[in-house]
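Engineer: Can you keep this structure in mind? I'll have questions shortly.
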Amino acid sequence: MIYFVGAGPGNVDLITVRGRNLLEKADVVIYAGSLVSQEHLKFCREDCAVYDSASMTLEEMVEVMVEGYRQGKSVIRLHTGDPTIYGAIREQMDALDFRGIPYEVVPGVSSFTASCAVLNREYTLPGVSQTVIITRLEGRTPVPREEDLESLAAHKCSMAIFLSVLHIDEVVEKLKKGYGRDDVAVAVVYKATWKDQKIIRGTLKDISRKVHDEGIDRCAQILAGDFLKGIGERSFLYHPEFSHGFRDGRKG
Ligand code: SAH
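Start counting the sequence shown at -7; every next residue gets the next number (my numbering).
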């Protein structure tokens, strides 16, 4: 069987129990060496065959998967964070579908939730925003025109921007235009949950300079929105005057 497993954002304890159990039994593991902690491999059997996807083409990866499947082996493709977000798994799944090979996707903790967690914040604050936009700047991978950062920012929601810290100046310019002001709170989280994690807080006015000063140009989340300020209205869910299926409100 083939498994696409989310390794989580960094810290090895942030993989799911299902993911760890599968890793412990795997015959073959293909992992993204540049982004997934080597420490995960300590949980693999000694005779487990390990491949680093960094030096492999899609065709080579598929070949390893197909060969493993034909030999009745358990093959894991270990992805950083959650495999369904910027994981490029669709092309791998298509190749397996084409050959009629079954597989399962095991979700993981994405770096966008891990980054919010290390900041002790919540994206969906009542009265601030009830929507999170996950996006990126255009790189070698194009972004549809309707999803340009400036037009997304015009919704004034909470935002998590992947794969873009190298171009922080451009991100800031687009966010300023979209939000229509420059005092929007921004945090850049470099390598959330890794030992060398760094957190930089600021606003659209000063975040670029701070990011340049720290020399951060990769592996970071840019979070933007006033949810970072942490001041919102109280949620109704735990409000004494609000009743729901499991609790009667005092006033009905
Ligand atoms: N599937 C992954 C994302 C892969 S794309 C996920 O769900 O997190 C790689 C990008 O994710 C990086 O450029 C960076 O923007 C972000 N990223 C991955 N791990 C990160 C981490 N530990 N801290 C901050 N950003 C991270």
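Just so you know, even glycine gets a beta-carbon here, dropped at the ideal spot from N, CA and C. A quick note: this is a predicted structure, and the numbers were derived from the prediction, not measured.
Quick check on K243: does DSSP put it in helix, strand or coil?
Structural biologist: What you label residue 243 is simply residue 251 of the sequence shown in a count that begins at 1. Bear in mind that the predicted position of K243 carries a pLDDT of just 47, short of 50, making it unreliable; the figure below should be weighed with that in mind. Residue state, collapsed to three classes: coil.
Engineer: For a test of the three-state rule: what should DSSP assign to A212, helix, strand or coil?
Structural biologist: By 1-based counting over the sequence shown, the position of residue 212 is 220. Correct three-state label for A212: strand.
Engineer: Between the Cα of V98 and the Cα atoms of T116, S29, I(-6), which residue gives the shortest distance?
Structural biologist: To locate residue 98, count along the sequence shown from 1; it is residue 106. V98 has its Cα closest to that of I(-6), out of T116, S29, I(-6).
Engineer: What's the call for G244, buried or exposed, on a 16-neighbour Cβ count within 10 Å?
Structural biologist: Taking the first residue of the sequence shown as 1, we reach residue 244 at position 252. Legend: pLDDT at G244 = 46, less than 50; position of this residue unreliable, no value from coordinates given.
Engineer: Between the beta-carbon of I160 and the beta-carbon of V203, is there less than 8 Å?
Structural biologist: For the purposes of this step, residue 160 is taken as the residue at position 168 of the sequence shown. For the purposes of this step, residue 203 is taken as the residue at position 211 of the sequence shown. Yes.
Engineer: Please state the DSSP three-state secondary structure of S47.
Structural biologist: Here residue 47 refers to the residue found at position 55 when the sequence shown is read from its first residue. Helix.
Engineer: Looking at C-alpha atoms only, which residue of A177, P134, A80 is the closest neighbour of A145?
Structural biologist: Position 153 of the sequence shown holds residue 145. Of the candidates A177, P134, A80, the one whose C-alpha sits nearest the C-alpha of A145 is A177.
Engineer: Can you list, in chain order, the residues of its chain whose CB lies under 7 Å from that of C211, leaving out five sequence neighbours each side?
Structural biologist: As a first step, residue 211 must be located in the sequence shown, where it is residue number 219. So the qualifying residues of the chain are Y182, K183.
Engineer: Can we count D209 as close to ligand 1, meaning its CB is less than 7 Å from some heavy atom?
Structural biologist: Within the sequence shown, the letter at position 217 stands for residue 209. It does not: the Cβ of D209 is nowhere closer than 7 Å to a heavy atom of ligand 1.
Engineer: Tell me whether Y61 counts as near ligand 1, meaning its Cβ is closer than 7 Å to at least one heavy atom of that ligand.
Structural biologist: Within the sequence shown, numbered from 1, the residue matching residue 61 stands at position 69. No - ligand 1 has no heavy atom lying nearer than 7 Å to the Cβ of Y61.
Engineer: Name the one or two DSSP bridge partners that T195 has.
Structural biologist: Reading the sequence shown from its first residue, position 203 is the one you call residue 195. DSSP, once it has assigned bridges, lists A177 as partnering T195.
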